[in-house]
Structure formats: C-alpha cells, structure tokens
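>
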Amino acid sequence: MASCAQEIPPLKDRLGSISAVTAMVQPVAAALLITAIIMYMTSRIILGWGRKNASKNSGNLPPGTMGLLPVVGESLQYSRPSGRFLPAVFISDRIKRYGPLFKSHIFGGPTIISTDAKVNQLILQKEGTLFKSGYPRSILSIIGMHNTTEIHGNTHKVVRNVILNVVSSRIRDDKVISYISDEIVQRMNAWDGQIVRFQEEATRAKRKVVQVLQKLIAKKMCRPATETYDILDGLLAVEGDTLTREVIIDVMLGVTFAAYETTARVLMLIPKFLGDNPHVMKTLQDEHFHILGERACTEKVTLTWDAYKSMTFTEKVVKEALRLVNPGDIVFREAMEDVNVDGYVIPKGWKVMPCFSPAHTDPTIYKDPLSFNPWRWNNKDTNNMEFTPFGGGIRQCAGKELAKLELSLFVHHLVTRCSWDQSEEDEMFEKGLPIYFKNTRRFQRELPPPSQRLEDEKIPSSISTMA
1 MASCAQEIPP LKDRLGSISA VTAMVQPVAA ALLITAIIMY MTSRIILGWG RKNASKNSGN
61 LPPGTMGLLP VVGESLQYSR PSGRFLPAVF ISDRIKRYGP LFKSHIFGGP TIISTDAKVN
121 QLILQKEGTL FKSGYPRSIL SIIGMHNTTE IHGNTHKVVR NVILNVVSSR IRDDKVISYI
181 SDEIVQRMNA WDGQIVRFQE EATRAKRKVV QVLQKLIAKK MCRPATETYD ILDGLLAVEG
241 DTLTREVIID VMLGVTFAAY ETTARVLMLI PKFLGDNPHV MKTLQDEHFH ILGERACTEK
301 VTLTWDAYKS MTFTEKVVKE ALRLVNPGDI VFREAMEDVN VDGYVIPKGW KVMPCFSPAH
361 TDPTIYKDPL SFNPWRWNNK DTNNMEFTPF GGGIRQCAGK ELAKLELSLF VHHLVTRCSW
421 DQSEEDEMFE KGLPIYFKNT RRFQRELPPP SQRLEDEKIP SSISTMA
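So for the sequence shown, UniProt numbering puts the first residue at 1; every next one is plus one.
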C-alpha cells in the first residue's frame, strides 16, 4: 500500500493537470459547438428550401429530386460527362429511376426535363401558346441577351425570315459551294503531317471569328450594302423599330456561335466514324470518285449544286452522324401557364428542357443504336419526332440546309483526298479526338479505280492524298 500511495501525485499537481487539460479542450469544444450549430441551421435552411420547392403542385409534379444545395441544386451532377454517344450520365441515371419525364434543379432554377419524343414535340410545337423560349441567364450572358433563341414575336419572325431567305438562295449558288470547298481544302492542307486536336483548333478559331465579325459589323454599319449578300446585309436592310442594332449584333453573334459550334462537333467525329467503318468508307469513295469522273477531274475540281444533290449515300452518312452526335442535344423553354402533360403538371414559370439524344439512341427506335450504320436510313422517314438534330417548331434551326451542305462537302474532300489515324484513345473526347493527318496532296488528272485506291491506301491509316 505504501508503494501505491507514493505513486499518486499530490492534489495540487493533479488539479493543475486537470486545469491544463480543460484549457486545451475548451477551444475544441467551442469549435465543435459552433460547427454543430452551423450544420443544424444549414440543414434547416436546406430542408426548408426543399419543402418550398416541392410544395407547389407537389402531388402532380413529375418525379425527381431538387438537390441539396440552394441555387446549385443538381448542376454539378448534370455536368458529369458521358462516354461515347450515350446521353449524359445524369440523364441516363434519372431515366432509369424516374422515367422519361422528371424534375430537377439545374442552371439556377427548377427545371422539368423531358426525354420523351412525343412530349418534346408538344413543347416545341406549342411555343407561343403554352411555352416560350427561356434560356438560363448564364447561357444568355455568353451568346447575347437578344440572340435568335431569346427574341420573340414579330422580331423573331423578321430575323428568321431574313436568315431563311439568305441561306436558301445562297447555298444553291455554285460560287458559294466553290468557296466552302476551297476553305475545307485549305484547312486540310494546313493539317498535313500534323496531329490535329480539333478541340484546340476550335477554341482558336472561335476567338478569330469573333474578332473578324466585330470588324465586319462596324464596316457594314458605316456603309450599308445595297444588295443582300449575307445575313448581316439582310438584317441591316430591315433595321428599324422592330430590329435595333443591339439586336442585330446579338443575332449575328448567336448565329455565328450556333453555326460554328454545332457543325464543328459533327465534323470532329466524322473521321472517327469512317475510320471505324471501312465498308462505309469504300461506298463513299465509290460515290465521290464517280462524281469526280463525271466532272472530268482536273487539278482543281469545282463542285456544283447538282453534284451535291447527287450525293445520295453521303446524305445518309450525314444523317447518321447527326443522329449519333446530336449537335443540338437540348433546348430550353419556359412554361407560360400550368401545363398538364401525361398526368403531371409543369408549373408556370418553370424551365423546361427537352433532351433529344435519348430518342436518338433508343434501341426500340433504332436497331443497334450505337453502331454507325448509314444504311438504316434507306427506308426510314426522317421527318418525325424521333429524329430532331435541328430541333423543331418555329425555332427549328434556320441554317440546317447549309449545315448539311458543309458536312457533305467535308466528307467529299475527306474521302477523296485523305487517310488518317486516331493518334491516341480519347473515348470521352476530352482532347477533342486527336487525329493524325499526313501528306495531303492535290488531285492529278489520272485517277485509278476507287477499289484500287482503297487497297493501296488501306484506309484508314495516316492521312495521305489519294492520287
């Protein structure tokens, strides 16, 4: 017992140790208490926000979740990329959980997302009565507050008519077709022997386009054209109370953005589609070398509108590329009143986001939907609600015929001049699908048969001119 008593510190020392420990614990306890209070208050705010958003028509809203964070909602989950040509992971997961119509909170507001082809058609066709264009401010701040997606009524009608009239008349002009062809060939010559990362090329080109457009607008506004040569001429010709210069500038920026971004996405992936499907490549070559033979091929071949219209298999290739790439995958609308759809209510003021890619890759609509098969269009109607690469309704892409022309001319020069390799795997296309181009040369007068070209070049392998 004596030895044990000697091991016990004096009371004074023990009290001092307890005081020291207490002094150390107090700040930690205070921090934990403050953290607990913050977490409690935050949870109350979040739960209250969730109840507030779910309370309105809660019994009739489509299923879904609004996320945990105010303002942010599920925007972070929505931004997750998907592989290959499937709909975004966010969309696919929620289709499995909730079906083709569900609610969410993205881009700063409550949103109803539709992947149902029939519902999408209703939304697109009922603009002006049940719905109106309603893009988030975060997007409008980039493409302009008065661009073609956001102007309404008579202003939108005037702008759309100008674009349709200019595009429909100019694309039939052989000089325009020749100009587009020359631009394509110049780019291919510049890619000779290089690894081309289309995404980096796109970023540099976009900056250049904006600079050129600003100078062009300033020049034309100082000296208006007497004849309508392009869309800007057409817009300036009808400038007035309905169409202000502010609107014209935003429309031109929006048109440039839309025409560039969407077409560039398809152009980037066409080499991959053709490289992965040599039987498609051979059929295309046969078609295009036949066209060249009829044009009495010289060093510089001039394509015409009639030649373009004869590219029947190319038309199917372009449709198939549009189906898989979905260049205009989503649009935004806003409910003008409470709208009943399939037993659910879309509340007035809510954003509505039709999403088209799920229908384009639906195995019940397209057999083996992820395969690149242009022959599927032999007996398939493209004027239906299940194929909407250019949207629909009164805001259907006014430049869709120009886009198809550009894609077809690109295919023409690609398959008659070039071969290529994908330099590295990039299934998520984070690097813009790196492609290796090599030794692009101009045509010679004498052309061996297409079948011999295919055998000699062994398409696809690093891009060399077929000569």
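Don't be surprised by glycine CBs; every beta carbon is placed ideally from N, CA and C.
When the distance is taken between beta carbons, is M281 closer than 8 Å to V415?
Taking 8 Å as the Cβ cut-off, V415 and M281 qualify as a contacting pair.
> Is the beta carbon of F372 less than 8 Å from the beta carbon of D329?
Their beta carbons are not under 8 Å apart, which means F372 does not touch D329 by this criterion.
> Roughly how many angstroms separate the alpha carbons of F387 and E150, rounded to a whole number?
Going from the Cα of F387 to the Cα of E150 covers about 24 Å.
> Tell me the DSSP secondary structure of F257 in three-state form.
Three-state DSSP puts F257 in a helix.
> Identify whether residue 487 lies in helix, strand or coil by the three-state DSSP scheme.
Residue coverage of the chain in this structure runs from 1 to 467, which leaves residue 487 outside it and unanswerable.
> For the alpha helix (DSSP H) containing G153, name the first residue and the last one.
Note, G153: alpha helix (DSSP H), G153 to R170.
> Let's see if you can read the secondary structure: which residues bound the alpha helix (DSSP H) around H105?
Segment L101 to I106 is the beta strand (DSSP E) holding H105; no alpha helix (DSSP H) there.
> Quick test of your reading: I177 and L303, contact by CB under 8 Å. State the CB separation rounded to the nearest angstrom.
With a Cβ gap of about 6 Å, I177 and L303 count as contacting.
> Is the Cβ-Cβ distance between D250 and N147 less than 8 Å?
Yes, they are a contact pair.
> My assumption, with CB atoms under 8 Å, is that K132 sits in contact with M336. Please give the rounded CB distance.
K132 to M336, Cβ: 6 Å. Contact.
> Tell me the residue span of the alpha helix (DSSP H) that contains I231.
Run containing I231: I231 to A237, per the alpha helix (DSSP H) assignment.
> Look up R333 in the DSSP assignment and give the residues it is bridged to.
Per DSSP, S133 and V352.
> Are V331 and P347 closer than 8 Å when you measure CB to CB?
Not in contact: V331 and P347 (Cβ atoms no closer than 8 Å).
> Is the beta carbon of S104 within less than 7 Å of some heavy atom of the ligand NAP?
The ligand NAP is not among the ligands present in this structure, which contains no ligands whatsoever.
> Could you give the distance in angstroms between the alpha-carbon of I95 and the alpha-carbon of S75?
Going from the Cα of I95 to the Cα of S75 covers about 17 Å.
> Would you report the Cα separation of V119 and D342, rounded to the nearest angstrom?
Cα to Cα, V119 sits roughly 8 Å from D342.
> Which residue from A259, A218 and N277 puts its Cα closest to that of T397?
First, the amino acid is wrong: residue 397 is Cys here, not Thr. Closest option to C397, Cα to Cα, is A259.
> Could you check what DSSP says for W191 in three-state terms: helix, strand or coil?
Correct three-state label for W191: coil.
> Give the single residue among L61, Q285, E334 and P358 whose Cα lies nearest to the Cα of H412.
Here the closest residue by C-alpha is Q285.
> Give the secondary structure of residue 468 by DSSP, where H, G and I count as helix, E and B as strand, and everything else as coil.
It is not possible to answer for residue 468, since the shown part of the chain is limited to 1 through 467.
> Excluding the five sequence neighbours on either side, which residues of its own chain have a C-beta within less than 8 Å of the C-beta of R265, listed in chain order?
Once the five neighbours on either side are set aside, the close Cβ partners of R265 are V325 and P327.
> How far does the beta strand (DSSP E) with Y344 in it extend, from its first residue to its last?
Here the beta strand (DSSP E) through Y344 covers Y344 to I346.
> What do you get for K215, buried or exposed, if any count of 16 or more other CB atoms within 10 angstroms of its CB means buried?
K215 should be labelled exposed.
> Three-state secondary structure (DSSP) at T262?
Helix.
> Given L243, which residues of its chain have a CB within under 8 Å of its CB, disregarding the five upstream and five downstream residues?
Hits under 8 Å: T155, V158, V159 and L235.
> Pull the bridge partners of G64 from the DSSP assignment, please.
Paired residues: K103.
> Would T115 pass as a contact of P100 if the rule is Cβ separation under 8 Å?
Contact: yes.
> Span of the alpha helix (DSSP H) holding V411?
Per DSSP, V411 belongs to the alpha helix (DSSP H) from K400 to R417.
> Using DSSP bridges, identify the partner residues of P110.
Per DSSP, H105.
> Evaluate Y308 with the Cβ neighbour count: other Cβ atoms within 10 Å of its Cβ, from every protein chain shown; 16 or more gives buried, anything less gives exposed.
Label assigned to Y308: buried.
> List the residues that DSSP assigns as beta-bridge partners of V341.
Bridge partners of V341: Y344.
> Alpha carbon to alpha carbon, what distance is there between G275 and G393?
About 35 Å.
> Would a C-beta distance cut-off of 8 Å place G109 and S138 closer than the cut-off?
No, these two residues do not count as a Cβ contact at 8 Å.
> With 16 as the cutoff for other CB atoms within 10 Å, does R245 come out buried or exposed?
The residue in question, R245, is exposed, as its Cβ has fewer than 16 Cβ neighbours within 10 Å.
> Relative to the alpha-carbon of F289, which residue among N277, T314, P271 and V238 has its alpha-carbon at the smallest distance?
Of the listed residues, the one whose Cα sits closest to F289 is T314.
> So, for N378: in the same chain, excluding its five sequence neighbours on each side, which residues have a beta-carbon less than 8 Å away from its beta-carbon?
Result list for N378: K316, in chain order.
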